[in-house]
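Written below as structure tokens is the structure these notes are about.
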Amino acid sequence: MMDPLSGTNRGYAFVTYTSRDQADVATRELDNYEIKPGKTLKVNISVPNLRLFVGNIPKSKSREEIFEEFNKLTSK
């Protein structure tokens, strides 16, 4: 989620997947993922949705950097 006033990220995101299996894999892969030294992501699945809540995103990360990190792990 981006702050419309500052243009920086708010430190969290919602990610929607097309299947429960994909959401489960992403949760396992991303929960406690060290996004930068000493900073790990917290990921929870939103039931019954296929949407994940991802917290602890470093506020210094741009939208593009966030997408790049997710794509590294979920495009396997």
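Numbering follows the working numbering, with no gaps: position 21 of the sequence shown is 23. Cβ atoms here follow ideal geometry from the backbone N, Cα and C, with glycine treated the same way.
Among the options, which has the Cα closest to the Cα of residue i?
i          : options        : result
residue 29 : 68, 54, 12     : 54
residue 32 : 45, 66, 6      : 45
residue 9  : 74, 63, 18     : 63
residue 14 : 68, 74, 73     : 68
residue 42 : 71, 19, 6      : 71
residue 75 : 48, 65, 47, 37 : 37
Quick check: is the beta carbon of residue i nearer than 8 Å to any beta carbon in chain B?
i          : result
residue 37 : No chain B appears in this structure, which consists of one protein chain only.
So if DSSP puts residue i in a beta bridge, which residue, or which two residues, is it bridged to?
i          : result
residue 73 : Bridge partners of residue 73: none, in fact.
residue 14 : 57
residue 4  : 11
Roughly how many angstroms separate the alpha carbons of residue i and residue j, rounded to a whole number?
i          : j          : result
residue 2  : residue 5  : With the chain covering only 3 through 78, there is no way to say anything about residue 2.
residue 27 : residue 19 : 10 Å
residue 17 : residue 39 : 23 Å
residue 73 : residue 66 : 10 Å
- Kindly confirm or deny that the segment 58-67 and the segment 20-30 touch, where touching means at least three C-beta pairs closer than 8 Å. no
For the segment 33-63, list the beta strand (DSSP E) runs that are entirely contained and at least 3 residues long, ordered along the chain.
36-38, 44-48, 53-57
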